[in-house]
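One point on numbering: in this note's numbering, the residue at position 35 of the sequence shown is 147, and numbering is uninterrupted. Below is one structure; the comments refer to it alone.
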Amino acid sequence: MLPLSMAGAGGKHMISRVTGKEDMRQHLADLGFVPGEQVEIISDTGEGNVIVCIKDTRLGITSQMASKIMVD
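As structure tokens, this is what we get:
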């Protein structure tokens with residue numbers, strides 16, 4: 113298990129858990145980042161943002177948010 117922020121672009125990963133404060137966990141859940149969901153990293157801009165595809169939707173999240181999403 114590792115944070116999504118360290119997983120690298122191009123791979124698909126299964127979300128195992130989401131960490132952080134309740135408001136952050138709820139915000140990520142509202143975006144679809146819940147345990148059991150598959151997420152693909154499209155690109156890591158290297159400037160603090162990560163572009164992902166989850167539930168057929170592309171989203172840009174901060175690397176801080178990505179570090180709260182644990183994947184297998």
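The beta-carbon is built from N, C-alpha and C at its ideal position, and this holds for glycine as well.
- Note on geometry: alpha-carbon atoms of Q176 and G148 lie some 21 Å from one another.
- Remark: C-beta atoms of M182 and R129 approach each other more closely than 8 Å.
- By the C-beta density criterion, L114 is exposed, having fewer than 16 other C-beta atoms within 10 angstroms.
- Boundaries for D184: no alpha helix (DSSP H) harbours it, and the DSSP string shows neither H nor E there.
- The continuous stretches of beta strand (DSSP E) do not include S179, and DSSP gives it neither H nor E.
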